[in-house]
Amino acid sequence: MNPRLPYVLLVGAAVIIFILSCMLLSRGRQSPSCESQPHIVEKTGSTSQSLVFADLTPEEMAQVVRYLQGNLGVPLVDASRAKPSDNCIASVDVQVPAKAEVLRFLDGGGARPPREALAVLYFGNQPDPNVTEYVVGPLPTPVYHRDVTVQKYGGKVPYHRRPMLGSEYGQVGVFLETVAFAAAPTFLKEVFEYDGTNVAFQTTAPHGFLSGDRKSWFIVFQNVSGFFVHPVGLEVLVDHSSLDISRWAVSRVFYNGQYYRDMVQLESAYVQGRISVEKVRQAPRDGDFSSMKPRAPSAALFPLQYEPQGPRYSVRNNHVLFQAWSFAFGMSVNTGLRLFDIRHKGERVAYEISIQEALSVYGSNCPGGMSTRYMDGSFGIGRYTSPLVRGVDCPYSATYVDTHSLSETLSPSKRKASLCIFEQNLGSPLRRHYSNLQSLYYGGLVNSALVVRSIATVGNHDYVWDFIFYQNGAIEGKVQATGYASSSFLHGDGLRYGNRVWEHTLGTIRTHSVNYKVDLDVGGVKNSLVAHDMAFEMTRAPWSPEQQIERPRLTKKVLDTEDQAAFRLQSKMPRYIYFAANSKNKWGHQRGYRIQTTSFAGDHVPEASSMERAISWARYQLAVTRRKEEEPTSTSIYNQNDPWTPTVAFADFINNETITNEDLVAWITVGFLHIPHSEDIPNTVTVGNSVGFLLRPYNYYDLDPSIYSHDGVFFTSEQDFTACEINPIACLPKTASCLPNFPPFTYDGFQNM
């Protein structure tokens with residue numbers, strides 16, 4: 162053996178250890194943290210001007226409450242404890258000034274409109290109970306209030322039209338437990354093992370069949386997680402029309418396909434053995450099949466999105482700036498997320514884009530299901546906007562905004578992180594071309610867009626509301642539906658109305674319809690509505706007259722009246738329909754913004770229905786009307802509880818007025834038919850349940866404005882496409898090799914419930 166060999170082996174081993182140590186140390190060394198670029202500094206004028214649309218601050222809400230308490234001359238009970246016979250403040254929201262006043266301020270150097278609030282009050286403690294709306298101002302120190310109810314609705318709002326307060330739901334719950342259920346102790350104990358805590362109630366709406374009714378079916382479920390899919394077969398009709406709670410009564414009872422006069426008759430029939438009983442297995446508190454707890458352990462982390470050099474957008478108060486886009490945002494307590502003064506490249510393209518209503522119409526062979534037509538604006542789409550979970554509801558690094566509301570209480574409430582704003586790389590090119598003919602090059606642009614999102618949980622439904630801003634000047638409004646499928650107890654011919662999704666659970670068929678208001682101002686306030694489409698024409702080939710050619714040609718039509726611009730839900734609508742400006746682009750075309758919808762709506766309620774006028778906006782996939790201050794919304798929160806005499810009937814907006822060269826509003830309805838199926842257990846996914854609309858520039862510019870984006874990529878076969886100055890994508894290993902500064906995870910969704 163060579164005596165040097167051990168030394169050689171030792172030296173070799175030392176070298177190997179040194180190399181491995183260096184490799185491990187280099188791997189263990191963390192990449193530097195991403196450095197945030199300073200936010201783009203905005204002109205102070207744009208941010209301060211946007212405050213004309215801003216939601217009320219908690220301090221302003223509190224001032225309005227104090228003013229009303231001291232100046233109405235009547236006692237006001239906290240709505241969270243109010244009885245139907247009390248006076249109370251139902252809600253306080255911002256009163257957005259008239260458009261003409263706002264435009265004088267924004268564009269004409271006029272005075273800032275006075276800041277005002279809109280307060281909705283229930284007056285139950287007076288000889289003529291009614292709902293009254295007051296405008297209160299000026300803020301922050303109000304000195305006046307004026308009753309605008311008659312001005313807005315043409316008369317007083319009868320008290321029976323008021324949306325139900327949470328306190329009224331609670332009072333009905335107490336009535337069911339202490340009065341109604343007390344009349345059937347044996348039935349409840351032996352059939353449901355009822356112990357006073359193991360059932361939950363879900364209400365239905367509207368409340369009856371005639372104007373003035375306030376009779377509600379309350380569906381009984383097991384009180385477990387995801388109770389919406391745990392019906393037990395019992396439903397109770399409660400007449401709670403009296404302002405005296407002691408006079409409330411059970412009007413009818415339904416159990417397992419049979420109707421009874423009241424709970425006393427149900428108890429008697431059960432004791433005498435005259436009831437067909439279908440016992441439901443008691444579910445554990447977590448709901449078992451309805452639990453959303455994952456059935457698999459955590460594994461490799463899902464992909465994350467981050468901004469290597471910080472956000473490329475800025476948020477100041479209620480004003481957002483992103484590349485060529487700017488707009489103001491707000492949250493209406495009734496209708497939810499809304500945008501104002503939307504501008505691209507400094508020019509206003511829309512004055513307002515807002516949600517109006519979300520309607521769901523159910524079918525079932527159970528009374529509660531078959532009578533349900535939920536109008537979620539009445540419950541409060543903005544009121545039920547929920548806190549967002551980082552990394553799931555929105556990207557982890559999104560900007561989260563708190564919102565405030567005053568509804569059914571005397572104190573403002575704060576919903577932390579209930580709105581998010583983020584730029585999203587959609588993972589596909591906005592446009593691209595690879596040329597392998599004549600010249601060799603590649604040109605493309607990443608499709609990165611700004612998203613503004615809120616999520617409202619109204620009962621069993623969760624609605625993900627998005628407004629999306631693209632680099633080519635397009636705006637998208639989108640809603641994705643998720644949450645739990647409401648259900649009925651499966652009995653008899655139930656499969657005519659849905660699919661069986663569990664042992665006793667019928668997933669009931671329903672339609673979803675969503676209405677938006679889009680006040681486009683294309684090249685100015687005055688616009689016309691123009692339709693372009695296609696038709697095939699037959700012609701002889703000029704170079705070979707004996708041959709025939711079928712060629713598509715452009716068809717054009719100006720839609721002159723509101724009647725021409727009202728397109729029924731299932732009717733054929735021109736495929737290119739746009740708001741046309743009074744100005745032209747470089748090529749001689751009227752500048753325009755096109756409306757394009759994505760919808761697979763179910764059928765509308767027949768117009769012969771006694772309640773159809775209350776939801777008549779849903780007749781139309783698109784209706785364009787003259788803009789009027791007295792027609793601010795397509796519906797009313799009072800329509801839910803009296804659809805038979807609607808406070809606002811959208812059909813009345815369409816009266817064949819001329820819409821050429823006028824200030825116009827597009828009312829867009831999108832929706833989908835939902836037939837729940839087994840994959841809706843435990844709850845419904847957003848995939849395939851997304852509808853909405855696009856607003857796209859149509860000859861508005863002389864060329865695609867996204868060509869000026871800083872994100873563009875272009876290189877030829879003759880260039881060094883690995884050089885950063887030629888191809889910025891080549892620099893990603895350097896510019897994006899940093900670790901994102903993710904803040905600690907927090908969630909405040911269970912606070913102050």
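Mapping of the sequence shown onto the numbering used here: residues 162 to 914, in sequence order. Glycine included, every Cβ here is placed at the ideal spot set by N, Cα and C. Only a predicted model underlies this, so the values are computations on that prediction, with no experimental measurement involved.
CA nearest to the CA of residue i, picked from the options
| i | options | result |
| --- | --- | --- |
| Thr845 | Ser451, Gly234 and Ala341 | Ser451 |
| Trp409 | Glu879, Ile436, Leu337 and Val785 | Leu337 |
| Thr570 | Tyr283, Tyr420, Lys260 and Phe628 | Tyr283 |
| Arg736 | Ala696, Trp828, Asp724 and Glu637 | Ala696 |
| Gln312 | Leu326, Pro245 and Tyr295 | Tyr295 |
| Ser372 | Thr883, Gly849, His871 and Pro807 | Pro807 |
| Ser600 | Gly285, Thr883, Phe875 and Pro275 | Phe875 |
| Phe728 | Tyr781, Leu598 and Thr666 | Tyr781 |
| Ser209 | Ile250, Asn479, Tyr467 and Pro458 | Asn479 |
| Phe811 | Asn822, Val831, Ala784 and Ile820 | Ala784 |
| Pro299 | Gln287, Pro274, Thr546 and Gln466 | Pro274 |
| Gln517 | Ile798, Val848, Gly269 and Asn817 | Ile798 |
| Tyr919 | Leu500, Gly331 and Tyr523 | Since the displayed the chain opens at 162 and closes at 914, residue 919 lies outside it and no answer follows. |
| Val281 | Ile250, Leu465 and Ser839 | Ile250 |
| Ala897 | Val309, Gly471, Arg456 and Lys440 | Gly471 |
| Val318 | His306, Thr293 and Thr339 | Thr293 |
| Ile636 | Ser609, Val360, Ser459 and Thr722 | Ser609 |
Residue i versus residue j: straight-line alpha-carbon distance, rounded
| i | j | result |
| --- | --- | --- |
| Asp254 | Gln751 | 39 angstroms |
| Asp824 | Asp682 | 8 angstroms |
| Val390 | Arg442 | 13 angstroms |
| Asp909 | Gly873 | 40 angstroms |
| Glu791 | Arg265 | 19 angstroms |
| Val691 | Glu698 | 22 angstroms |
| Ile836 | Tyr624 | 17 angstroms |
| Ser574 | Ala240 | 14 angstroms |
| Ser386 | Asn291 | 38 angstroms |
| Ser589 | Tyr739 | 27 angstroms |
| Gly206 | Asn822 | Caution applies to Gly206, whose pLDDT of 48 falls short of 50 and renders its modelled position unreliable; the model cannot decide the point. |
| Leu462 | Ser558 | 16 angstroms |
| Ala489 | Phe854 | 20 angstroms |
| Ala430 | Gly448 | 31 angstroms |
| Gly605 | Leu591 | 8 angstroms |
| Ala343 | Asp423 | 12 angstroms |
| Ile177 | Pro905 | Because the pLDDT at Ile177 is just 47, under 50, the model does not fix this residue reliably, and the point stays unresolved. |
| Glu329 | Gln912 | 23 angstroms |
| Tyr523 | Thr533 | 6 angstroms |
| Cys195 | Cys892 | 15 angstroms |
| Asp764 | Leu233 | 46 angstroms |
Helix, strand or coil at residue i according to DSSP, with G and I counted as helix
| i | result |
| --- | --- |
| Ser515 | strand |
| Gln484 | coil |
| His321 | helix |
| Pro590 | strand |
| Phe583 | strand |
| Ala559 | coil |
| Asn746 | coil |
| Leu998 | The chain is shown only over 162 to 914; residue 998 falls outside these bounds and no answer can be derived. |
| Ala215 | coil |
| Ala741 | strand |
| Asp909 | coil |
| Phe833 | strand |
| Phe903 | coil |
| Pro346 | helix |
| Thr339 | helix |
| Asp623 | strand |
| Ile616 | strand |
| Glu220 | helix |
| Lys709 | Reading off the sequence shown, one finds Gln at residue 709, where the question assumed Lys. Gln709: strand per DSSP, three-state reduction. |
| Thr896 | helix |
Whole-number beta carbon distance between residue j and residue i, since they are thought to touch under 8 angstroms
| i | j | result |
| --- | --- | --- |
| Gly930 | Thr564 | No answer is possible for residue 930: it lies beyond the span of the chain, which begins at 162 and ends at 914. |
| Ile542 | Val619 | 7 angstroms |
| Gly394 | Phe650 | 4 angstroms |
| Pro303 | Leu404 | 30 angstroms between Cβ atoms; not a contact. |
| Ala519 | Leu549 | Going by Cβ atoms, the distance from Ala519 to Leu549 rounds to 19 angstroms, so no, they are not a contact pair. |
Residue-chain proximity (residue i, chain B), Cβ-Cβ < 8 angstroms
| i | result |
| --- | --- |
| Thr808 | Here there is only one protein chain, and chain B is not present. |
Exercise for the section: Please list the segments of the alpha helix (DSSP H) lying wholly inside the stretch 380-457, counting only runs of 4 or more residues, in order along the chain. Expected result: 424-432
Exercise for the section: Return the chain-ordered ranges of every alpha helix (DSSP H) run that is complete within the stretch 248-290 and spans a minimum of 4 residues. Expected result: 260-268
Problem - 3 or more residues per run - each beta strand (DSSP E) lying fully within the stretch 630-690 - result: 636-644, 648-650, 659-663, 666-669 and 671-681
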